[in-house]
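First to last, the sequence lines map onto chains A and B. Just so we're aligned, residue 1 is where the first sequence starts under the UniProt record's numbering, counting upward by one. Just so we're aligned, residue 1 is where the second sequence starts under the UniProt record's numbering, counting upward by one. Glycine is no exception: its CB is placed at the ideal position from the N, C-alpha and C atoms. The model shown is predicted, which means the values in this text are computed figures rather than measured ones. A short write-up of the structure that comes next.
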Amino acid sequence: MATIAVNHLSFSYPTEDGQKPLTLNDLSATFPSGGFSLLTGPSGSGKSTLMKIISGLYPKFSGVITAGEVRLNDTKISDIPESDRGQLVAMMFQNPNQQFAMDTVERELIFALENQQVAPDHMMARVDRALDYVEITDLRHRQLNSLSGGEKQKVALAVIIAMRADTILLDEPFASVDPVARQLLLSKLSRLQREEHKTILISDHDLEDYDQYIDHLFVLNGTGDSLTLLDQKAAQQKMAAFQRQDTSNKQLQLPTTTDQAVIAAHQLTLTAGNATLISQPAMNFFKHHITLLTGANGTGKSTLLLAISKLHQYSGSLLLNQNEVAKMHRKQLYQQVALIFQDADQQFLNVTVAEELALSLKNSQQPTYFMDRIPGFLKQLHLEQLQDHVVYTLSGGQKKKLQILEMLIMATPVELFDEPFTGLDFTSLQTVMAIMKTVAHDCQQTMVIVSHQLFGLDALVDYHVTLKNQQLQYVGGLA
Amino acid sequence: MNPSFKFLLAVLIALEISFTSTWIVNLALAVIGLLLILTSRPTFKRLILLFFVPLIPASALAVAILLQSNAGIHFALVLFTRIYAYVFVGSAATLTTTVSDLVMSLEQNAHIPSKFAYGFLGAFNLLPKIVSEVNIIRAAGNMRGQALHIWSPQLYFKAILASLDWSENLAEAMTSHGFSEEAPRTYFKRIRVRWWDWLVLIGSLVLLQVALFGFHLQ
């Protein structure tokens, strides 16, 4: 049991010219011991920063505390020796790809236990229990690199459980996790809180599914200068706005015989390591339509998009406009198809926001269309003030918005989106979807969108494909 | 054999044969190295590579000596066999040891700081990621109408940026999993130094001296 107290905390990432703009400004709050608290706020408000300060990673790795302090059980975080910290507070990161030091699941768990100086005889029992608790015993000897985003987050939770951390911090942990895995992780966390009296603090901009689990809802405002605990009633109201939209009765059309195929697969097989992900006799994606692709974690959705982009090998045939993808020249291929990566950093080629946009506009296939519309889009996405910012310093949500916009500007005929909506708050999500819809229509694009988040998507997409049991199939329902 | 001892032995052998010129010893070392490599059951492709890649520098050196200097056939032969001895002895050490065993041994037996040991291991685990990252960067460039060639500074800028990013994330991940530079750790897998490790190390070196000395006298 541990109480986290934030006292008049101000935090800054100093800029090159020595200025210290405050990311967090005079925040105070107490996260109650043994409670399940949810921290919400718009993209870019500083949720991740606050979490990393509480976990003791900042200011060690970045930024400076300009005023105030964070206390864990009345001890200043910076006064707790690093080697003891693991038992007090552990953190699960937003990006599932960047939280492991070892190569396999088992070795990562052992590494964490070795750091805590657990006696070697006790290690296996703890590893067994942690893997069992999260129901991932079968992943034990897998290479971490070969796991999907959701599986990695389960491993991250298993590490935290093995470490027996008192306080568990989770920074937007479900961004790339499907609803089933998300429910599983949430129920495990809730059990940890109830049975083992852990203090849990999750940051998330998406409040769906939380109401049955959480005790306290904290809101960080957009400018990072107010952190408030909502009372019961205000919390209920805020949660209600996020109730999972009942998508089960939303009906979408099935493709018609007049639709033209732009991507056609025949006897397509995709594998990852030794596992076969997709084995598909025949499948088409249709021209000038927006298709949603869903499926559980690790089924191979991202891998399919990578294969269409010639970034993952496949066997069988995969045609783009009647040309075999594997045989096409890169230059020619990427004028017809573009992939919007799950990890926004991979998309960026330049340093500042303005440079990124300029490059896209310069090489766009529809420059005149975008020329006068870009300022409007930037304003809608709240990016207009950030033009001089270095892209890598933007928040997760801001990066995502910039990435989607710059790829839309390219106006490539076929665009593949891999989880484009992660890290976006509710308003940003609506805006991004509206812009995508407009551009797809005006520039006659074909889009394939992989997304776990289904809220409001019925207004954007035409068709829905599910990936299950290695098979892709068109379905009429959205859920 | 203990991984640290194995690598120490390989380095000492390499040093020693750099300053001696007995081609029969070089050849014998290469053969012993090859036998050890064969015990690790390498793939056929790897074996072929092991034979042909050193052939280039080895023959280049030998030909250069034969044509350009008057050191004679003997010296050319020494250089030729020396290259093979380096490669086979080195490979015998690396192919029969896993990276994680080596790192654990370096940390536990050679007592190098754990920061270096795990930093090295982390970097090694990143190698396959770097290859795929470069492919992704080039694709990302093409998708924005920007061809990134192997000589484009932008390619390296992105690759370096990605590595910096990874290294910071790796450091944060290690810290959040309880790793601290100076703190003591326990070890799940103990890598021990046994008496026969000393015996093999010292015995091999003594044998090498005897062989070198014996051939030198002739």
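Asked: Excluding sequence positions up to five away, which residues of its chain have a Cβ less than 6 Å from the Cβ of Leu467 of chain A?; Found: Gly295, Thr299 and Lys301
Asked: How close, in whole Å, do the beta carbons of Leu109 of chain A and Ala165 of chain A come, if the pair is a contact with beta carbons under 8 Å?; Found: So it is not a contact: roughly 13 Å between Cβ atoms.
Asked: Please identify, using Cβ separations under 9 Å, the residues of the region 167-190 of chain B that lie next to chain A, in order along the chain.; Found: Glu168, Asn169, Leu170, Ala171, Glu172, Ala173, Met174, Thr175, Ser176, His177, Gly178, Phe179, Ser180, Glu181, Glu182, Ala183, Pro184, Arg185, Thr186, Tyr187, Phe188, Lys189 and Arg190
Asked: Taking only beta carbons into account, state which residues of the region 104-129 of chain A come closer than 8 Å to chain B, listed in chain order.; Found: Arg107, Glu108, Ile110, Phe111, Ala112, Leu113, Glu114, Asn115, Gln116, Gln117, Val118, Ala119, Pro120 and Met123
Asked: In or out: Gln403 of chain A buried (at least 16 other Cβ within 10 Å) or exposed?; Found: buried
Asked: Can you check DSSP and say which residues form a bridge with Leu38 of chain A?; Found: A:Ile202 and A:Leu217
Asked: Using the rule of at least 16 other Cβ atoms within 10 Å of the residue's Cβ for burial, across every protein chain shown, is Gly396 of chain A buried or exposed?; Found: buried
Asked: Is the distance from the Cβ of Val103 of chain B to the Cβ of Leu121 of chain B below 8 Å?; Found: yes
Asked: Along the chain, which unbroken stretches of the beta strand (DSSP E) at least 3 residues long are found entirely within the region 69-113 of chain A?; Found: 89-92
Asked: I'd like to know if residue 509 of chain A contacts chain B, where contact means its C-beta is closer than 8 Å to some C-beta of that chain.; Found: Here chain A comprises residues numbered 1 to 479, so residue 509 of chain A is not present and cannot be evaluated.
Asked: Counting only runs that start and end within the region 8-43 of chain B, where is the alpha helix (DSSP H) found for 4 or more residues in a row?; Found: 23-39
Asked: Considering only the beta carbon of each residue, do Gln408 of chain A and Gln398 of chain A sit closer than 8 Å?; Found: Residue identity check: residue 408 of chain A is Leu in the sequence provided, not Gln. For Leu408 of chain A and Gln398 of chain A, no; Cβs fall outside 8 Å.
Asked: Checking 8 Å against the spacing of the C-beta atoms, do Val127 of chain A and Gly150 of chain A come in under that value?; Found: no
Asked: Within 10 angstroms of the Cβ of Pro81 of chain A, are there 16 or more other Cβ atoms? Answer buried if so, exposed if not.; Found: exposed
Asked: Tell me whether Val337 of chain A sits in a helix, a strand or coil according to DSSP, three-state version.; Found: strand
Asked: Using only the alpha-carbon positions, how far apart do Ala2 of chain A and Gly34 of chain A sit?; Found: 7 Å
Asked: Can you tell me whether Val465 of chain A is helix, strand or coil according to DSSP?; Found: strand
Asked: Are the CB atoms of Ser315 of chain A and Leu416 of chain A within a distance shorter than 8 Å?; Found: no
Asked: Any idea which residues DSSP pairs Ala264 of chain A with across the strands?; Found: A:Asn284 and A:Leu319
Asked: Return the CA-CA distance between Phe7 of chain B and Met447 of chain A, expressed in angstroms with no decimal places.; Found: 54 Å
Asked: State the Cα-Cα distance for the pair Arg191 of chain A and Pro3 of chain B, rounded to the nearest angstrom.; Found: 44 Å
Asked: Count the other C-beta atoms from every protein chain shown that fall within 10 angstroms of the C-beta of Tyr392 of chain A, then say buried if there are 16 or more, exposed otherwise.; Found: exposed
Asked: Please state whether the Cβ-Cβ distance between Ser28 of chain A and Val64 of chain A is less than 8 Å.; Found: no
Asked: Report the residue from A:Asp418, A:Gln253, A:Phe426 and A:Asp462 whose alpha carbon sits nearest the alpha carbon of Lys437 of chain A.; Found: A:Asp462
Asked: Name the residue from A:Ser360, A:Val432 and A:Val105 whose alpha carbon lies nearest to the alpha carbon of Ala162 of chain A.; Found: A:Val105
Asked: Please list, in chain order, the chain B residues whose beta carbon lies closer than 8 Å to that of Asn159 of chain A.; Found: The sequence given here places Val at residue 159 of chain A; Asn does not occur at that position. Correct list: His177.
Asked: Is there a C-beta anywhere in chain B that falls below 8 Å from the one on Leu339 of chain A?; Found: yes
Asked: Distance cutoff 8 Å, beta carbons only. Does Gln209 of chain B sit that close to anything in chain A?; Found: no
Asked: Using a Cβ cut-off of 9 Å, which residues of the region 125-152 of chain B contact any Cβ in chain A, in chain order?; Found: Asn125, Pro128, Lys129, Ser132, Glu133, Asn135, Ile136, Ile137, Arg138, Ala139, Ala140, Gly141, Asn142, Met143, Arg144, Gly145, Gln146, Ala147 and Leu148
Asked: Rounded to whole angstroms, how far is the Cβ of Leu359 of chain A from the Cβ of Leu349 of chain A, which I believe are closer than 8 Å?; Found: 6 Å
Asked: Beta-carbon separation of Asp458 of chain A and Leu478 of chain A under 8 Å?; Found: yes
Asked: Give, in chain order, every residue of the region 107-126 of chain B whose Cβ lies closer than 8 Å to some Cβ of chain A.; Found: Tyr118, Leu121, Gly122 and Asn125
Asked: Find the residues of chain A that neighbour Asp101 of chain B, judging by a C-beta separation of less than 7 Å, and give them in chain order.; Found: By Cβ distance, chain A contributes nothing, its closest Cβ being about 12 Å from Asp101 of chain B, past 7 Å.
Asked: Figure out for me which residue from A:Ile53, A:Phe100, A:Ala90 and A:Gln94 has the closest Cα to the Cα of Ser78 of chain A.; Found: A:Ile53
Asked: Could you list which residues in chain B have their beta carbon closer than 8 Å to that of Gln232 of chain A, in chain order?; Found: Going along chain B, no residue has its Cβ under 8 Å from Gln232 of chain A, so there is no contact; the nearest lies around 33 Å.
Asked: In whole angstroms, what is the alpha-carbon distance linking Ile168 of chain A and Lys238 of chain A?; Found: 24 Å
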